[in-house]
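Since the structure comes first, as structure tokens, the remarks are kept for the end.
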Amino acid sequence: MINQKMVQFAHAVCFFTVLNLLWLLGSLLGLGVFGVMPATVALFSVIRAKLRGDQELQLVPAFFDAYKTAFVRSNVLGLFFGLGFYVLYVNAAFATYFYEKDVQFFIYLVVFFFAAIMTLAFINLFSIMAHFEMKTIQYVKVAIGLVFIHPLKTVMQFIWLVAYVLLAIFLPKVFLVVGVSVISYVWMSQNLTTFTKKYAS
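Its first residue numbered 1, the sequence shown is counted upward by one per residue in the UniProt record's numbering.
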């Protein structure tokens, strides 16, 4: 029993490590800026296949097939969210110069609220792209909708996001080895349950 558990643990470590390396490689292949989005979608796609019990899953071919398929659309969506975050940043930055302190505080609250929704929707985006084939704008709608469908899951996603950031700050070596793949596994697991209940597979 102990040996079996150790073997399972070793397989899990190997799986997450290889996935993390593939994600880093995919990000670099797109020169960073254009590689992160398709690499992350590909990462979620492989994790989805693993969670669904695909016994014939081959990590490298599956990853790069998903990478090529998602390259253009994922970067378009990345640009959309990037512009959204930039608009929020500009509103927060200029509030200091144009409004009184009481108004500034209200603006900061509004900006924080929308930034939190956009961040969680952005996280949801990758699992949605890994699971569904739909029009580009529909990905955005479903990603935002998921934030409100299950408030408890949304709170858990936020907690995992905080843990993810803390891991990157305080344990950067661990983060480089398995950080992205492990947190993606958690988020994909959470959303896959919702997908199978709310939507057709």
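Idealized CB from N, CA, C, for every residue including glycine. For clarity, every value in this text was computed on a predicted model and none was experimentally measured.
- Message: If you follow the alpha helix (DSSP H) that Tyr67 is in, where does it begin and where does it stop?
- Response: Leu59 to Phe98
- Query: What is the DSSP secondary structure of Met134, reduced to helix, strand or coil?
  - Reply: coil
- Message: Among Ile183, Trp187 and Leu79, whose alpha-carbon lies nearest the alpha-carbon of Ile17?
- Response: Inspection of the sequence shows that residue 17 is occupied by Thr rather than by Ile. Checking every option, the nearest Cα to that of Thr17 belongs to Ile183.
- Task: Drop a sphere of 10 angstroms on the beta-carbon of Gly78, count the other beta-carbons inside from all chains shown, and report buried for 16 or more, exposed for fewer.
- Result: buried
- Message: Tell me the DSSP secondary structure of Leu176 in three-state form.
- Response: helix
- Message: My output table needs one value for His11: the three-state DSSP class, helix, strand or coil.
- Response: helix
- Item | Proximity winner among Leu88, Leu192, Val165 and Asn191, relative to Gly179 (alpha-carbon distances) | Val165
- Item | Rounded straight-line distance, which links the Cα of Ala143 to that of Val13 | 29 Å
- Provide the residue span of the alpha helix (DSSP H) that contains Arg48, from first to last. Val36 to Leu51
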